[in-house]
């Protein structure tokens, strides 16, 4: 049973990260685990995920460019 952590973002997306391999996955050459995934911690991030932050930034840049007068 490998241990995982979950990161919860304000955009309601989440990300999982492997915290530690179980005994079987550590000894497997491809680190395959056929056991149950154990969620050890859930962390509230208080920010947007990287994808949503990039989309928001692109939308802000596009909106700012649309407001500039054309010369």
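In UniProt numbering, the protein residues as written are 1 to 71. Even for Gly, the Cβ is constructed at its ideal location relative to N, Cα and C.
Residue from the options with nearest C-alpha to residue i
i: residue 54; options: 69, 35 and 11; result: 11
i: residue 46; options: 61, 8 and 4; result: 8
i: residue 15; options: 6, 33, 67 and 41; result: 6
i: residue 36; options: 42, 21 and 59; result: 21
Exposed unless 16 or more other CB atoms sit within 10 angstroms - verdict on residue i
i: residue 30; result: exposed
Backbone CA spacing between residue i and residue j [nearest angstrom]
i: residue 65; j: residue 17; result: 37 Å
i: residue 19; j: residue 13; result: 19 Å
i: residue 2; j: residue 44; result: 21 Å
Inter-residue CB distance, residue i and residue j (contact presumed, cutoff 8 Å)
i: residue 4; j: residue 39; result: 5 Å
- Please go through the stretch 4 to 39 and give each complete alpha helix (DSSP H) segment of 4 or more residues, from N-terminal end onward. 23 to 27
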